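**Student:**
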Amino acid sequence: TTIYARERGSAPAKVEEGKETKVAYLDVPIAPCEPIHVGQKARILLLSPCDELFPSEEETTTHYYTAEDVGLWGTVVGIRVVEENMVEFILENENIKSATAYAYLAVARREGLTVRMPPWTRWLSMAGIGLARTTRTVLIEDDTTIFED
55 TTIYARERGS APAKVEEGKE TKVAYLDVPI APCEPIHVGQ KARILLLSPC DELFPSEEET
115 TTHYYTAEDV GLWGTVVGIR VVEENMVEFI LENENIKSAT AYAYLAVARR EGLTVRMPPW
175 TRWLSMAGIG LARTTRTVLI EDDTTIFED
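First residue of the sequence shown: 55, per this note's numbering; consecutive thereafter.
#1: Measuring alpha carbon to alpha carbon, tell me which of Tyr58, Thr191, Phe201, Thr199 ends up nearest arginine 97.
#2: For the segment 72-81 against the segment 145-165, do three or more pairs of beta-carbon atoms, one drawn from each stretch, fall closer than 8 Å, so that the two count as touching?
#3: Give me the Cβ distance between tyrosine 9 and alanine 65, rounded to the nearest whole Å; I'm assuming they're in contact under 8 Å.
#4: Buried or exposed: where does valine 131 fall if 16 or more other Cβ atoms within 10 Å of its Cβ makes it buried?
#5: DSSP puts alanine 155 in a beta bridge; with which residues?
#6: Whether or not the segment 86-95 and the segment 107-117 are in contact is what I'm after, with contact meaning three or more pairs of Cβ atoms, one per stretch, closer than 8 Å; do they touch?
#7: By how many angstroms is the C-alpha of threonine 189 removed from the C-alpha of threonine 168?
#8: Smallest Cα separation from valine 135: which of Ser152, Met171, Ala121, Gly166?
#9: What residues match up with phenylalanine 143 in a beta bridge as DSSP calls it?
#10: By the DSSP assignment, the beta strand (DSSP E) with arginine 97 in it spans what residues?
#11: Express the C-alpha separation of threonine 191 and alanine 200 in angstroms, rounding to a whole number.
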């Protein structure tokens, strides 16, 4: 599955066998073709906005991006944060040439569209317990055009 994401930041992770690694923090503004879930194999393409290349005199909601393969692919191995409106998944990067060991993918919590959550998280949600209060939002953009490298 290809997941389009915007970089939010990165941080040092650890040193393994003399190699420094980092964690990438990414927002997923476009619903993937398959909801993100633990165990999923995925490839991340990094989005860069290019709206300025398509000026319009009319008010438009269309967003334009270029998408770049930055060497992030692997398996979604866990869930880091579950909030009322957002989930953060952990992707373990299987690209041994990359300095990025993990990517944390923040996505709007829309069951069946953007995420497929384990039953225990859905139960907690229905019961109204155990979920962190919403601290930020990742909006899903419906009207986008993506140009891949």
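Note that the Cβ used here is the ideal one computed from N, Cα and C, for glycine as well.
Keep in mind the model is a prediction, meaning the values are calculated, not measured.
**Tutor:** In terms of the structure at hand:
#1: In the sequence shown, counting from the first residue as 1, residue 97 sits at position 43. Looking at the Cα atoms, Tyr58 is the closest of the given residues.
#2: The segment 72-81, when compared against the segment 145-165, does touch it at the 8 Å Cβ threshold.
#3: There is simply no residue 9 to check, as the chain begins at 55 and stops at 203 in what is shown.
#4: Numbered from 1 along the sequence shown, position 77 holds the residue referred to as residue 131. Valine 131 comes out exposed.
#5: Taking the sequence shown and counting its residues from 1, one reaches residue 155 at position 101. When DSSP reads this structure, alanine 155 sits in no beta bridge, so it has no partner.
#6: Output reads no: the segment 86-95 does not touch the segment 107-117.
#7: In the sequence shown, residue 168 corresponds to position 114, counting from 1. In the sequence shown, residue 189 corresponds to position 135, counting from 1. Their backbone Cα atoms lie some 19 Å apart in a straight line.
#8: Residue 135 sits at position 81 when you count from the first residue of the sequence shown. Nearest C-alpha to valine 135: Met171.
#9: Along the sequence shown, one-based indexing puts residue 143 at 89. Under DSSP, phenylalanine 143 forms a beta bridge with Ile133, Leu159.
#10: For the purposes of this step, residue 97 is taken as residue 43 along the sequence shown, with counting starting at 1. Taken as a continuous stretch (DSSP letters only), the beta strand (DSSP E) holding arginine 97 covers 95-103.
#11: Along the sequence shown, read from residue 1 onward, the residue named residue 200 stands at position 146. Along the sequence shown, read from residue 1 onward, the residue named residue 191 stands at position 137. The residue asked about is misnamed: residue 200 is isoleucine in this sequence, not alanine. When rounded, the distance between both Cα atoms is 22 Å.
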